[in-house]
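Scroll down for the structure; my scribbles are underneath it.
Chains as they are written, first to last, in this note's numbering: chain A, 1 to 103; chain B, 1 to 550.
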């Protein structure tokens, strides 16, 4: 470990780390935030105005909110159990301890 | 401008000194990490928690140049300049699932650069070299452009000569040399506070001085009445959408974005950030509209330099002391991405060119030393580029940068999902995409419309933009498309055809250095390890080992 800054490419990791998947039907929700802002004809108009802003401008700023909501929903829906997340935090703390203790 | 504005300059200097001190403290904090209880900020370990990642990626992706150039574009070209908003909305859902795969595989296999990944995944040092060169070439003008942002505020303050620019970058060079990513991460916090303060004040104060939003949009409507007013012409819509999509695809391929992603402490931090980062896009929308405010205020750029529009507008609208705060925000905003970019470019050079081709048996200490020197050289190169070259040239180069970095998409981004493309196919596709992209951008002229007669004249024959007119390919249409996207399609097409041919000829595909479960690894897994701190004085293994148990 001390000699290599890069691991040998053939280190097997299957069997060491658990099999997981990032697949989830919730991921399809991400498409909303990708497709909607690219449908320019949908919002390339002046009316209706909002607070004197042409539609083109306020609608695109409103799409920021759509992006935030969809990604937040996907994050929430696909979030790991709290014990898993705690395990990740523990691992970060343990490595930090190992480092500062090692000096 | 006649003379130097002393109040503005004093405020800018004081705030610059403040971040300089912060930059140096950042390296001290590192050493005293167990004493300072910085764990909750994510600064305790080598990796960053949610908040710091938000500031770091925000400072990394929304650069000073953006803040100066986007309103300048709105001022000059109208609605088309607003593409920056859909661009920065689309990007996060687009990369939401991609960056976590990149984080996982990099933390299992110890990848620090996109080229590290490509080398291992496709067993191809050649493709890795191409990715590394593309990354460095695309990043250099990006750093130089950050200086264009600083130059714009210096011009507005009436400061003459190159010395201030050189001093600013010497400071930057020294503190990133000492504290790696930590300095930009801390400075990003200061920068964002100043930026948000400026925007909030600007959005309240300026419209009230100009007679409200209807007057602002009205002035823009009048200026662009020869075209489609404050919306896009029918023929500009495809160009607008493809530019937004193409820029979004390109952004996370830049080595500095990847450096920011890899610095996150775990996957949850990244996922959370993909929904929190769009807050910057909201700010960017308001910043873009500063261009229209400048139209309503009758702002005149200094000596036809469009980039000075925002600084001059601030001087018109704000008292000197607050204009100084705003200028400092832009100036400091330039230092953060410039620091991360030079770190990323240095890593590419050290790991994928120096270690791979120049000195295969380099010790970790030599590697770290070369990385530090390379980051200095990169910054020096950027300063020399800005002093010696016309700023327009760096803008051209940056334009090309976006087009060429997109050509690493098949190997870097698709590679995270599939190994179907043959390494030879990727190389062939890269060359085809690169040639197409450069040819297209070379053939885009810059045109200007005479406000009196409405006559269109060509100002610049080549590299005049990135929107390619489809009529040049023989189509009977006035539509334009983002050149980078056409080049990417050619790249993919060639890669697929070459893959089929190479596979039929049974050319060896190499051995995949990664495994499927590497891409979903979580922080607590036994396979995951801390990455070497960019520019850290010693790589992992020497520094007590990333994981004590192994």
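All C-beta atoms in this analysis are idealised placements derived from N, C-alpha and C, irrespective of residue type, glycine included. Since this is a predicted model, take the numbers as computed values, not measurements.
- Annotation: residue 274(B) to residue 74(A) spans about 10 Å, alpha carbon to alpha carbon.
- Taking one beta carbon from each stretch, the region 491–508 of chain B and the region 413–428 of chain B have 3 or more pairs nearer than 8 Å; the two touch.
- A Cβ-Cβ separation of about 27 Å leaves residue 52(B) out of contact with residue 202(B) under the 8 Å criterion.
- According to DSSP, residue pairing for residue 442(B) in a beta bridge does not occur.
- Ranking 311(B), 303(B), 442(B) by CA distance to the CA of residue 70(B) puts 311(B) first.
- Residue 26(A) sits close to residue 77(A), with the two beta carbons spaced by under 8 Å.
- The C-beta distance from residue 142(B) to residue 434(B) rounds to 18 Å, too long to meet the 8 Å contact threshold.
- Identification of chain B residues near residue 77(A) by a Cβ-Cβ cut-off of 7 Å yields none; the smallest Cβ-Cβ distance measures about 11 Å.
- Contact note: residue 73(B) does not reach chain A at a C-beta cutoff of 7 Å; the least C-beta distance is about 15 Å.
- For residue 230(B), no beta strand (DSSP E) encloses it, and the DSSP letter there is neither H nor E.
- Closer than 7 Å at the C-beta level to chain A, one finds these residues of the region 245–278 of chain B: 245, 265, 266, 268, 271, 272, 274, 275, 278.
- The beta carbon of residue 475(B) sits no closer than 8 Å to any beta carbon of chain A.
- In the three-state DSSP reduction, residue 420(B) falls in the coil class, being neither helix nor strand.
- Here the alpha carbon of residue 234(B) sits roughly 19 Å from the alpha carbon of residue 84(B).
- Residue-level contact by beta carbon fails for residue 125(B) and chain A, as no gap is shorter than 8 Å.
- For residue 520(B), the closest Cβ of chain A is nearer than 8 Å.
- Boundaries of the beta strand (DSSP E) around residue 469(B): 467–469.
- For residue 40(A), no beta strand (DSSP E) encloses it; the enclosing alpha helix (DSSP H) starts and ends at 40–43.
- For residue 481(B), the enclosing beta strand (DSSP E) has its first and last residue at 480–482.
- Using a C-beta cut-off of 8 Å, the region 29–41 of chain A makes no contact with the region 116–127 of chain B, since fewer than three inter-stretch Cβ pairs fall below that distance.
- The DSSP-derived three-state label of residue 447(B) is strand.
- Per DSSP, residue 114(B) is one residue of the alpha helix (DSSP H) stretching across 114–122.
- Distance from the Cα of residue 461(B) is smallest, within the candidate group 474(B), 476(B), 439(B), for 439(B).
- For the region 36–56 of chain A, the set of residues with a beta-carbon nearer than 7 Å to any beta-carbon of chain B comprises 37, 38, 40, 41, 44, 45, 46, 51, 52, 53, 54, 56, in chain order.
- For residue 60(B), the enclosing alpha helix (DSSP H) starts and ends at 50–61.
- Around the CB of residue 284(B), 16 or more other CB atoms lie within 10 Å, so the residue is classed as buried.
- For the region 156–187 of chain B, there are no residues whose beta carbon sits under 7 Å from a beta carbon of chain A.
- Within its own chain, the residues whose Cβ lies closer than 7 Å to the Cβ of residue 329(B), once the five positions on either side in sequence are excluded, are 191, 194, 195, 198, listed in chain order.
- Scanning the region 53–98 of chain A for uninterrupted alpha helix (DSSP H) segments of 4 residues or longer gives 55–77, listed from N- to C-terminal end.
- Remark: three or more beta-carbon pairs, one from each stretch, lie closer than 8 Å, so the region 48–68 of chain B and the region 331–338 of chain B are flagged as touching.
- Taking a contact as a CB-CB distance under 8 Å, the pair residue 86(B) and residue 37(A) counts as one, their CB atoms being some 4 Å apart.
- Annotation: Cβ neighbours of residue 72(A) in chain B (cutoff 7 Å, chain order): 275.
- DSSP places residue 362(B) in the coil class of the three-state scheme, outside both helix and strand.
- Residue 21(A) has a beta carbon lying within less than 8 Å of a beta carbon in chain B.
- The beta carbon of residue 215(B) sits closer than 7 Å to those of 296, all from its chain and outside the five residues before and after it, given in chain order.
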